[in-house]
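This report refers to the structure that appears directly beneath it.
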Amino acid sequence: MLRVIVRRLLQLVVTLIGLSALVFVWLRNLPGGPIEALLGERATPERRALLVKALGYDQPILVQYAKFMQRLLTGDFGNSIRSGDPVTEVIGRAFPATIELAAAAMIIAIGLGVPLGYLAARHRGRLLDNLSIAGTLLGISIPIFFLGYLLKDVFTQNMHWFPPSGRISTGVDNTDVTGFFVLDGLLTREFDAAGDALWHLILPALTLATIPLAVIVRITRASVLDVLNEDFVRTAEAKGLRHKTIRGRHILRNALLPVVTTIGLQTGALLSGAVLTERVYNWGGLGTLIYNSISGGRDYPVLQALILLAALVFVVVNLLVDLSYAFIDPRVRVR
Amino acid sequence: MQASRLKAAVALAAAAALAVGASGCAKSERDDDSGGAKTGGTFVFAGAGNPKNFDPIFNDDGESFRPIRQMYDTLVQNKPGTADLQGALAESWEHDPEGKVWTFKLRKNVKFHDGTPFNAAAVCFNFDRWFNMKGAAAQSQMIYYSDVFGGFAKNEAEGVGEPVYNKCEAKDDGTAVVTMNRYKGAFPGAFALTALSIASPEALKKYDADTVKQNGDSFEYSAFANEHPVGTGPFTFGGWDKAKGEITLNRNPDYWGEKAKVDKLVIKVIEDENTRKQELRAGTVQGIDFPAPADRKALSGEGFQVLDRPAFNILYLGFNQKNPKLKDLRVRQAIAYALNRQQLVQTKGPGGTKVADEFMPDTVLGYAQDVQKYDYNVDKAKQLLKEAGAENLTLNFYYPTDVSRPYMPNPQEIFTVLANDLQAVGIKVNGVARPWNGGYKDDVQQFGKHDLHILGWTGDYNDPGNFVGTFFGRAKVEFGDQAMTEMFDAITKADATVDEAGKKAAWEQVNRDIAAKWLPAVPVWHAPPAIVVTKDVKGLVASPLTDERFNTVSVG
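Going down the list, the sequences are from chains A and B. Per my numbering, the first sequence starts with residue 4, numbered consecutively. Per my numbering, the second sequence starts with residue 868, numbered consecutively.
If you want it as structure tokens, here you go:
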């Protein structure tokens, strides 16, 4: 087992070095590189020359890469072109915003999805079931940016129930503790700030929740229908158990296994949805950061860091999965 | 009982009298203090992006300059609503006959936000700081300085050029004398550039403003630039909450000029254009910039004030003369005649857009009334193409995507109309779309892959050199890197002419020759960008240079 772990860790190091080289070379060869991003419309040959020297692009590519790796090993991704702040700080600021949004979306998706799916299954073929099927189809197929703008138009422009964008109102003082605005408001007892942040969170969270909500309703419905036909449910009913007990202890507990797996998969999908949702609601999270780093002015250092971090997470998760296989199945260890 | 009631009544009357007295004092204090009615409250303006930092000299973009110009002043400034100059930190200025020695008589009793006095020593400190800046990182980010002053005391890279600046002397507290190595047409207009704002020498030293560190593919700026910007402007720095995307500025009660009417100015960063509009409609922001042309009418109809800035920009269609066919003046003229610019203005231009005949607005010195005009004429275009033997011409027309500029709000639509015009005279057009930040500028300005392209400019100050000199003052890849020495020499000569009448005549001739003899591009239009505010906002004066100062603004 130890040999497997060591071998996989070595593979991990090689993978990351290869990937870092690939990202490094790729970004430097994209049209409109960092020089253009820094100089904008006023790029002249003299300014390019000055910047080439300032950024060390006049040095051999291997020297540049060595310096890049040296910084990387100390956790230094450089500074953002757009803001001038260290990239780690920029990502650190955006991270809680996305987690807050994704968590709220997941709470909505699970909180509504599981009961709705259960009810649809119990009322199979009836109005509620048909409505849920139509609703989930709509939820899966409607583009997120369209839904975002639609919800904004209805609830902010016409009904004025919610604010159109941002995480908190201008003029509301909030103390930053964790970066999660709602939680910070509660922790510091600034309940006005917590309430305001929650008020801002509702529409974006609803928008982001649509797809996972629809998926969870469908999976729950299908899973509950499967379980309803199982012998042990019939036996429980025949034994005269109360409905509440059958529902909680026998149906839901068994039906939720595939639902939990789906929730895990949907959490990953939330991040891609966050890019569009955050853009529509001016939500300063990772989604906005990714969008702005690509189209809003080519922030190469941030983009580079985001790609490497995403790759690192992916590689580490894969490693853990592989190791768990090896743990579960001895044949993997032998191979 | 009665006595106690009486006491109570007296006490109440006394309290009321005190309150009236106190409020009277407060009122008179406010009026004295504001130089106009202070209305209080907060003005929230939606910015389209984060500022880079708040050290004026290291910035060159509108989103950074918006907060910077509220906190700092320049020696001279643009009269509100125009591109004409008026005194600011300098009450008056003059130069010697050669245009090399500039004497500024400074305003008295002006203080920086940190309480230190503004005087000639402070002015010279700033000029010397720029000139003596060390390090390739810092120098590379001083875009406007190098535009205006060329090189540094010690250039960190080759080819940067000789410095225009020589020295600055503080004759006395109220007189600063700046000596240049040579005259430049950019003066005195360039002294109004926001990048050349005067900062507190004490704060610059205390917060290590000159330290710009290269880190990876970008730069790290000082505490002065990020947390402690100190100028003399109508607002002081309140904070920059990056998590909320808000910059807060507070009213400067000691401002030398018209004091701010609002207590607080918040610039809220909202990158998405639709969201900016929605925030405006929701009333959570009171102002937005650069609305899309298609939205102007709707916003106006909804009761918002859509304030058109006088157009101080130019959109042009450029020729890459590396293509031998385009080297022929007749072909370039044919293309100019083929374009129905009037129709383009009417169908795609924001309200108030005008067809351009020259590469600068008519308010700039040296605009000639009698240049050769290229009114829409299909027959003439076809005839010229025939004469030049270019009847079966095929051209690669580059245009940008993912961008909206004040002079070019809708590049794709502009391209479509222009390409149709060209096809109507028999020119085959291959449209090539490139993302603005992902190859367009590279392909056009660095590699010259195009035959035709659209680009433009918003003026920085009122000087023909800032328009015509920027485009055609020297060989550029964008126009085929052609050694059009006659044109370059004429522009250099016009730029070096000191006396006003001679300068005007020289630039007028340059404009005539550009249109008739050289035609390196076709001027398309001047489009007025707009700024939109809610109906309860008063006192905002739209500037052709987007140089709006919010001290005159009141809300409610």
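Think of the CB as a built atom: it goes at the ideal place given N, C-alpha and C, for glycine as much as any other residue. The model shown is predicted, which means the values in this text are computed figures rather than measured ones.
Across the set A/L13, A/A40, A/L5, the C-alpha of A/A40 shows the shortest separation from the C-alpha of A/V305.
Counting the other CB atoms within 10 Å of its CB gives A/H163 a total below 16, which places it among the exposed residues.
Taken in chain order, the members of the stretch 1077-1094 of chain B whose beta-carbon sits within less than 7 Å of a beta-carbon on chain A are Q1081, N1082, G1083, D1084, S1085, F1086, E1087, Y1088. For the options B/M1351, B/D1318, B/V1027, B/D1130, the alpha carbon positioned closest to that of A/L53 is the one of B/V1027. For B/I1181, the pairing in a beta bridge is given by DSSP as B/W1324. The shortest C-alpha to C-alpha distance from B/G916 to any of B/G907, B/N926, B/S931 is the one to B/S931. Burial of B/R974 is indicated by the presence of at least 16 other C-beta atoms within 10 angstroms of its C-beta. Going by DSSP, A/I94 is part of the alpha helix (DSSP H) stretching over 90-125. Residue-level contact check: A/P89 touches chain B, since one or more beta carbons of chain B fall below 9 Å from its beta carbon. The residue from B/K1111, B/W1374, B/G907 with its alpha-carbon nearest to that of A/D199 is B/K1111. Close to B/E1023, with beta-carbon spacing below 9 Å, are these residues of chain A in chain order: L53, K56, A57. As a beta-bridge residue in DSSP terms, B/P1030 pairs with B/G1017. For B/P964, there is no enclosing alpha helix (DSSP H), since its DSSP letter is neither H nor E. In this structure B/K967 is in contact with B/M1047, their Cβ atoms being roughly 5 Å apart against a cut-off of 8 Å.
Distance check between A/A313 and each of A/R301, A/G290, A/A100 places A/G290 closest, using alpha-carbon atoms only. According to the DSSP assignment, A/L279 belongs to the alpha helix (DSSP H) that extends over 256-283. Taken atom to atom, the span from the alpha-carbon of A/T213 to that of A/Q269 is near 11 Å.
Pairing A/T280 with A/I145 gives a Cβ-Cβ distance that is not under 9 Å. By the rule that beta-carbons nearer than 9 Å mark a contact, A/Q307 touches chain B. Closest by C-alpha distance to A/R85, out of A/R6, A/L323, A/W202, A/N295, is A/N295. Inter-residue distance for B/V1296 and B/E1254 is about 20 Å (C-alpha atoms, whole angstroms).
Counting every other CB atom within 10 Å of its CB across the protein chains shown gives B/A1368 a total below 16, marking it as exposed.
Think of a sphere of 9 Å around the beta carbon of B/T1359: no beta carbon from chain A falls inside it, the nearest being about 16 Å out. Contact note: A/R127 does not reach chain B at a C-beta cutoff of 8 Å; the least C-beta distance is about 42 Å. Between A/G120 and A/V227, the CB-CB gap stays under 9 Å. DSSP, reduced to helix, strand and coil, places B/W1107 within a strand of the structure shown.
Taken through DSSP and simplified to helix, strand or coil, B/G1056 comes out as helix. For B/G1219, the CB contacts under 6 Å within the same chain, skipping 5 residues up- and downstream, are D1175, P1395 in chain order.
Nearest C-alpha to A/D229 among A/K247, A/L211, A/H253: A/H253. Beta bridge pairing from DSSP links B/Y1266 with B/A1300. A/S168 places its beta carbon less than 9 Å from that of B/T1142. Taking a cut-off of 8 Å on C-beta distances, the stretch 1024-1039 of chain B does not touch the stretch 1314-1323 of chain B, as fewer than three cross pairs fall below it. Under the three-state reduction of DSSP output, A/D61 falls in the coil class, being neither helix nor strand. Fewer than three beta-carbon pairs drawn from the stretch 1354-1364 of chain B and the stretch 1073-1092 of chain B are found closer than 8 Å, and the two stretches are therefore not classed as touching. DSSP lists B/Q944 as the beta-bridge partner residues of B/Q953. If the five residues before and after B/R933 are omitted, its C-beta is found closer than 7 Å to the C-beta atoms of G914, I1134, all from its own chain and listed in chain order.
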